[in-house]
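Trainee: Read left to right, the sequence shown gives residues 48 to 249 (our numbering). Glycine included, each C-beta is placed from N, C-alpha and C at the ideal position.
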Amino acid sequence: MFTSRIQAWGRHAAEIIVRPLAAWHISPNVLTVLGLLLNGVVAAVLATGSLLIAGLLLLFAGGFDMLDGALARVTKQFSTFGAFLDSVLDRYSEAVVGIGLAYYETVHHRVLLVMLIYGYLVGSFMISYARARAEGLGLECKVGLLPRPERIIILAVGLLFNAILLPVLVALVVLTNLTAIHRVVHIWRLSGQARPGDSEAG
């Protein structure tokens, strides 16, 4: 959803921020793990019901998530494991934030909001799974309205303005699952037509 110009600006800004870290020989994987821990803090704040503070922290954590990739580019420390770790911990980060919010809503017996959070997490994970599965088959799959940066910003807006949290969660459920479906259609078009025996269980 973000334009390529905004994405380029964000990457450039992140590279400037991490240059001192590069001089200290800090591994990008360290930042990846710290990003997960920071999202854990967001989840803990959410669980206490401090949604405004959690929204601000979520935006900060989202920006922090860009730093590991920027540090890898600056130091040229690209690795297969680093990319894998980043992807896995990103999923854990989304899950832990969702669990923190779901806990708060459960305590207040808001069943609808809890179900929406669950639906959002399912859609979010399917977006990532669709891309990973496609890339495992040698196909690029980055299409769709709602990759992770956009999901973070939209959820943060819902937390900052609690009165609109319900419609924000509805929008996230709809748009994440539409994005996952879009990726399925995209790969179907790329592959031409599925042949019998091509699919695998799981």
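1) Assess, as a yes-or-no matter, whether the segment 171–184 is touched by the segment 75–88 under the definition of 3 or more beta carbon pairs within less than 8 Å.
2) To the nearest whole angstrom, what separates the beta carbons of L259 and L207, a pair I think is in contact under 8 Å?
3) What would DSSP say about V190, mapped onto helix, strand or coil?
4) If I measure Cβ to Cβ from L237 and keep anything under 7 Å in the same chain, skipping five residues before and after, which residues do I get?
5) With 16 as the cutoff for other CB atoms within 10 Å, does S252 come out buried or exposed?
6) Count the other CB atoms, across all protein chains shown, that sit within 10 Å of the CB of A119; report buried if there are 16 or more and exposed otherwise.
7) Put W235 into one of helix, strand or coil per three-state DSSP.
8) Would you mind working out which of A203, G102, L85, D133 sits nearest A117, comparing C-alpha positions?
9) Would you call the segment 223–232 in contact with the segment 192–205, where contact means no fewer than 3 C-beta pairs closer than 8 Å?
10) Should N209 go down as buried or exposed, given a rule of 16 or more other Cβ atoms within 10 Å for buried?
11) Pick out whichever of C188, A60, L103, L216 has its Cα sitting closest to the Cα of L114.
12) Going by DSSP, what residue range makes up the alpha helix (DSSP H) through L132?
13) Take the Cβ of I234 as the centre, count every other Cβ of all protein chains shown within 10 Å, and call the residue buried at 16 or more, exposed below.
14) Could you tell me the alpha carbon to alpha carbon distance between V161 and A70, rounded to whole angstroms?
15) Look at V144 and A90 and say whether their C-beta atoms are less than 8 Å apart.
16) When we look at the beta-carbon of I164 and count the other beta-carbons within 10 Å, is it buried (16 or more) or exposed?
17) Check for me: the alpha helix (DSSP H) holding R157 runs from which residue to which?
18) So, with DSSP's three-state summary, where would you put D115?
19) Using 8 Å as the threshold, is the C-beta distance between L93 and Y151 below it?
20) If you follow the alpha helix (DSSP H) that A90 is part of, which residue opens it and which one closes it?
Mentor: According to the structure shown:
1) no
2) Because residue 259 is not part of the residues shown, which for the chain are 48 to 249, the question remains open.
3) coil
4) L186
5) This structure cannot speak to residue 252, because the chain is shown only from 48 to 249.
6) buried
7) helix
8) D133
9) yes
10) exposed
11) A60
12) 127–154
13) buried
14) 44 Å
15) yes
16) buried
17) Counting along the chain, R157 falls outside any alpha helix (DSSP H), and DSSP gives it neither H nor E.
18) helix
19) yes
20) 75–95
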